[in-house]
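Heads up, the thing below is written out as structure tokens.
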Amino acid sequence: MQKLSGKTALITGGSRGIGAAIARRLSAEGASVAVTYVSGEAQAQTVVDGIVLAGGRAMAIHADNRDDAALKAAVERTVAELGGLDILVNNAGIFPTGSIEEVTLEELDRTIAINLRAPVVAAMAAVGHMPEGGRIITIGSNLAVRVPWPGISLYAMSKAGLVGLTKGLARDLGPRGINVNIVHPGSTDTDMNPADGELADPQRSLMAIPRYNEADDVAGLVTWLAGPEGRSVTGAEFTIDGGANI
Ligand SMILES: NC(=O)c1ccc[n+]([C@@H]2O[C@H](COP(=O)([O-])OP(=O)(O)OC[C@H]3O[C@@H](n4cnc5c(N)ncnc54)[C@H](OP(=O)(O)O)[C@@H]3O)[C@@H](O)[C@H]2O)c1
2 MQKLSGKTAL
12 ITGGSRGIGA
22 AIARRLSAEG
32 ASVAVTYVSG
42 EAQAQTVVDG
52 IVLAGGRAMA
62 IHADNRDDAA
72 LKAAVERTVA
82 ELGGLDILVN
92 NAGIFPTGSI
102 EEVTLEELDR
112 TIAINLRAPV
122 VAAMAAVGHM
132 PEGGRIITIG
142 SNLAVRVPWP
152 GISLYAMSKA
162 GLVGLTKGLA
172 RDLGPRGINV
182 NIVHPGSTDT
192 DMNPADGELA
202 DPQRSLMAIP
212 RYNEADDVAG
222 LVTWLAGPEG
232 RSVTGAEFTI
242 DGGANI
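As structure tokens, then:
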């Protein structure tokens with residue numbers, strides 16, 4: 002039986018990687034899904050086509066996380082064209098690198114805008130439409146919890162900020178029956194962090210199980226949180242990183 006029949010989801014950054022896997026997985030459980038993209042129009046359309054071919058309902062929306070109006074419009078289009086909004090997945094993100102001597106103020110602002118500010122803007126736009134039983138699920142990072150290398154302070158800062166946002170929103174929205182949680186992936190095989198990249202072996206060396214996640218591993222956890230079995234879970238952090246942080 003499909004666990005998300007009749008539900009509608011919006012996933013930011015759903016053209017590839019973890020966001021695309023989440024879209025496919027939520028759809029496989031019966032949800033109608035909208036995915037946003039910036040440059041990956043063709044890839045977003047491929048995700049949508051695959052879902053429709055499998056019998057699901059999906060749409061792609063151009064919306065840069067840096068553009069408040071575009072994010073708000075993405076929420077409005079999802080509601081208008083798919084019939085509501087039950088699940089918001091804040092997934093889109095960038096991975097800036099460089100030590101504090103190297104990073105620029107422009108990179109600082111861009112990181113905050115895409116990784117941290119946009120989830121707040123999306124939540125502001127979404128909550129007015131969300132019924133009881135709604136879900137906000139944000140993709141953080143195990144680097145929000147521990148920082149094993151130099152050169153990732155902007156990224157770690159942005160992801161750590163999302164933990165506070167998650168807990169605050171869980172308190173704000175709990176009385177309305179809306180659950181808010183954060184999933185912290187570790188090394189996950191995507192364009193952002195390929196499992197055969199030159200930084201992959203150092204990452205594997207930190208893990209108890211030295212194997213990259215597939216994007217679908219993360220999508221499975223998100224889908225569980227979105228479903229009925231997640232109804233009592235809120236304000237929680239879930240790390241899925243092969244034990245890199247233990
Ligand atoms: N891969 C990992 O090891 C890992 C580990 C921990 C956490 N994460 C987190 O997981 C999330 C997804 O990462 P991923 O590995 O799937 O990355 P990815 O393969 O690089 O995909 C990034 C997605 O975000 C979208 N995106 C990028 N900038 C955007 C913007 N300004 N506005 C809207 N969308 C934007 C991209 O859209 P376009 O295709 O249009 O560019 C794409 O759909 C991120 O939040 C990341 O920080 C990843």
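Numbering (my numbering), first residue to last: 2 to 247. C-beta atoms are modelled at their ideal positions from N, C-alpha and C, and glycine is treated no differently. Given the structure is predicted, the values throughout are model-derived calculations rather than measurements.
Beta-carbon to beta-carbon, Asn-116 and Ala-245 are separated by about 20 Å, too far to satisfy the 8 Å threshold. A distance criterion of 8 Å places the beta-carbon of Ser-142 in contact range of ligand 1, judged by its closest non-hydrogen atom. Beta-bridge annotation (DSSP): Arg-136 is paired with Ile-88 and Asn-180. CA-to-CA, the gap between Asp-192 and Glu-133 works out to about 36 Å. Under the DSSP assignment, Glu-77 falls in the alpha helix (DSSP H) whose first and last residues are 69-83. For Met-158, the enclosing alpha helix (DSSP H) begins and ends at 154-174. Ranked by how close their Cα comes to the Cα of Ile-138, the residues Ala-227, Ile-19 and Gly-56 have Ala-227 in first place. Here Gly-57 is near Ser-33, since their CB atoms are less than 9 Å apart. The beta carbons of Ile-62 and Ala-24 sit no closer together than 9 Å. At the C-beta level, Ala-59 and Ala-35 come within 9 Å of one another.
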